[in-house]
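Protein chains in written order, with this note's numbering: chain A, 10 to 280; chain B, 310 to 533. Heads up, the thing below is written out as structure tokens.
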Amino acid sequence: MPLLAAVERQDTKLPLFAFFWNVAEYLRRPVMVLTGALIIVYSAIAYGLTLRKRVVREVLYKQIYFTGVQPLMEVLLLALLVGYLFVVLMVQADQVAGEESSRILVHWLVMELSPLACGMIVLSRSGSAITAEIAGMQQKGEIRSIQLMGIDPEGYLLVPRVFGVAIGTMLLSFWFFLGCTIGGLTLSALFSAMSFERFFDVFAGSLNLVDLVYPPLKGAMAGIGVAAIGCHHGLHVPASSTETPKAVIATITHGTFFVLIINTLMMMVFA
Amino acid sequence: MPAVPEPLETLAFHDFVGTGFRIGDAVVPAGGECLVLTETAEQAGEVLNCLAGLQTPTWGRVSLFGRDLGSLPSDERLRVLAQIGIVPRDGGLLTVLSASQNILLPRQYRSNARAEDLEDEREEALRFCEAVGEAPREWIDLPPDYLSQYQRRLAGFLRLMLCQPAVCLYENLLGNLHTRQKESLLKLTRQFHQRQPGRTSVYLEFDPGLRAEDWPGLVLQAIP
């Protein structure tokens with residue numbers, strides 16, 4: 010069979026074979042990254058008991074602070090602006106299509122935009138930082154030093170980062186929601202045609218308890234994936250220091266796809 | 310200081326062959342001081358990796374406490390490594406922590422102690438270094454990137470001291486240092502070795518700064 014023979018020879022001169030070979034090569038890297046990230050998530054859960062150790066908890070707290078507390082002002086400012094933007098859209102939707110359309114907008118703001126925006130913020134800050142830090146440790150031989158000290162690298166490096174980013178992203182989703190709500194309420198009262206009471210009625214009437222749990226849960230899922238992808242690229246960086254920026258770019262690229270895909274999948278499941 | 314564990318079986322090379330070098334068969338007796346002379350720093354690192362079970366030798370095997378660490382499951386290997394004190398090249402410090410935090414890290418990890426609980430032991434280790442003319446307090450709170458090569462290795466040794474191991478492994482502890490610094494480090498490590506009968510010390514060196522004939526203990530030469 011000519012095609013099978015071409016596969017065995019890896020005959021890339023054959024156009025059809027070359028096409029499928031290139032497609033397979035193109036898909037290989039994301040599949041490897043996804044597999045590596047899943048292994049890291051599994052390791053983090055398997056070694057989760059190391060959180061009983063004080064030094065590991067210190068790393069966890071630092072990660073939560075860096076991911077969920079340090080960017081507070083930037084996130085609140087962004088959320089205020091987004092909140093006001095939504096008020097403007099809500100006013101237009103309310104006037105054109107009635108209350109139902111404005112409720113849909115609020116629902117979309119809380120359920121979809123907040124965790125998506127927070128996921129992207131966490132990716133650009135924490136995901137890239139984790140990759141750069143772990144890549145540096147790998148290249149300087151610090152991970153080897155950790156092993157030689159009798160400390161398991163999974164427990165000391167991966168567990169606090171995966172759980173810390175997940176918790177930090179949940180916190181960030183909460184801050185974003187708070188900023189949008191306060192921003193919308195305040196700015197609607199000051200600048201828009203929608204009164205404070207009207208905005209509050211639409212907002213409060215659009216959400217229930219499940220709607221308030223879902224965004225942090227989605228944020229946590231995105232955070233876990235971002236941390237795992239960041240750790241994967243950091244651990245698999247080649248020896249040269251010039252490879253670190255490439256690893257960071259790979260984290261942001263693959264992390265962007267992951268955040269969008271996880272948001273889409275959860276939207277499909279819970280819609 | 311915690312009680313020193315009973316010395317177990319020590320170090321043994323069984324027809325050991327690395328990348329481009331050979332040590333052959335050798336046994337390091339309990340309580341001995343052994344110098345393993347290699348031709349390059351990378352060879353010394355490879356020997357340490359094989360000892361710690363992080364790498365498989367090209368041929369043969371090496372055992373610590375009568376066990377080949379490379380054949381052990383990861384958890385068990387780490388438990389054995391926790392009983393050994395290792396000073397990797399350039400001290401093996403983590404750059405995200407200060408030198409002081411690096412010194413306390415393995416003890417804190419194993420005993421789940423706070424830094425304050427280990428203050429007495431840290432002080433004793435610092436006084437031990439000051440007794441030979443060192444001044445670690447001047448730089449102990451700095452991050453490793455601010456320390457010299459010598460200071461980083463000294464910090465790695467202080468970390469080993471706090472663990473009170475039965476077996477001490479030093480990777481390239483003396484290489485690329487000034488003669489006075491080599492003498493100082495050697496004096497410190499040998500005094501620490503003599504503090505506890507039965508403690509075994511192994512130096513993996515490519516540039517020890519002294520002749521093999523002048524070494525008081527066993528000398529193993531890595532042959533190309």
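Think of the CB as a built atom: it goes at the ideal place given N, C-alpha and C, for glycine as much as any other residue.
Looking at the structure shown, is residue i part of a helix, part of a strand, or coil, going by DSSP?
i, result
"His-487 of chain B", "coil"
"Leu-463 of chain B", "helix"
"Ile-393 of chain B", "strand"
"Asp-220 of chain A", "helix"
"Tyr-479 of chain B", "strand"
"Val-336 of chain B", "strand"
"Ile-160 of chain A", "coil"
"Thr-319 of chain B", "coil"
"Ile-449 of chain B", "coil"
"Gln-505 of chain B", "coil"
"Trp-184 of chain A", "helix"
"Ser-510 of chain B", "strand"
"Ser-154 of chain A", "helix"
"Glu-348 of chain B", "coil"
"Arg-370 of chain B", "strand"
"Glu-34 of chain A", "helix"
"Phe-29 of chain A", "helix"
Closer than 8 Å, CB to CB, is residue i near chain A or not?
i, result
"Pro-316 of chain B", "Any reading at Pro-316 of chain B must be qualified, since the residue scores a pLDDT of 47, below 50, and its modelled position is unreliable; no value is offered."
"Arg-423 of chain B", "yes"
"Ser-383 of chain B", "yes"
"Thr-404 of chain B", "yes"
"Leu-414 of chain B", "yes"
"Leu-320 of chain B", "no"
"Gln-417 of chain B", "yes"
"Pro-517 of chain B", "no"
"Ile-449 of chain B", "no"
"Leu-373 of chain B", "no"
"Gly-507 of chain B", "no"
"Arg-366 of chain B", "For clarity, residue 366 of chain B is Pro in the given sequence; the question names Arg instead. Cβ-Cβ to chain A under 8 Å: no for Pro-366 of chain B."
"Ala-434 of chain B", "no"
"Leu-387 of chain B", "yes"
Taking the C-alpha atoms as reference points, what is the distance between residue i and residue j?
i, j, result
"His-116 of chain A", "Leu-199 of chain A", "23 Å"
"Tyr-93 of chain A", "Ile-449 of chain B", "51 Å"
"Glu-34 of chain A", "Leu-181 of chain A", "37 Å"
"Leu-114 of chain A", "Asp-103 of chain A", "10 Å"
"His-323 of chain B", "Gln-530 of chain B", "14 Å"
"Ser-250 of chain A", "Leu-194 of chain A", "49 Å"
"Leu-125 of chain A", "Pro-415 of chain B", "39 Å"
"Gly-442 of chain B", "Leu-402 of chain B", "23 Å"
"Ser-493 of chain B", "Ile-393 of chain B", "23 Å"
"Leu-451 of chain B", "Asn-411 of chain B", "11 Å"
"Gly-341 of chain B", "Leu-69 of chain A", "42 Å"
"Leu-509 of chain B", "Met-82 of chain A", "The amino acid at residue 509 of chain B is misidentified as Leu; the sequence shows Thr. About 56 Å."
Is there a C-beta anywhere in chain B that falls below 8 Å from the one on residue i?
i, result
"Val-64 of chain A", "yes"
Exercise for the section: Pull out every residue of the region 142-163 of chain A whose Cβ sits closer than 8 Å to any Cβ of chain B, in chain order. Expected result: Glu-142, Gly-145, Met-146, Lys-149, Gly-150, Glu-151, Arg-153, Ser-154, Ile-155, Gln-156, Leu-157, Met-158, Gly-159, Ile-160, Asp-161
Handout entry: Interface positions of the region 453-476 of chain B facing chain A (Cβ-Cβ less than 9 Å), listed along the chain
Key = Gly-465, Arg-468, Cys-472
Problem - Contact list for the region 478-492 of chain B against chain A, Cβ threshold 9 Å - result: Leu-478, Glu-480
Problem - Minimum length 4: unbroken alpha helix (DSSP H) runs contained in the region 24-93 of chain A - result: 24-55, 63-73
Exercise for the section: With 7 Å as the limit, tell me which residues of the region 348-366 of chain B have their beta carbon closer than that to any beta carbon of chain A; keep them in chain order. Expected result: Ala-361, Leu-363
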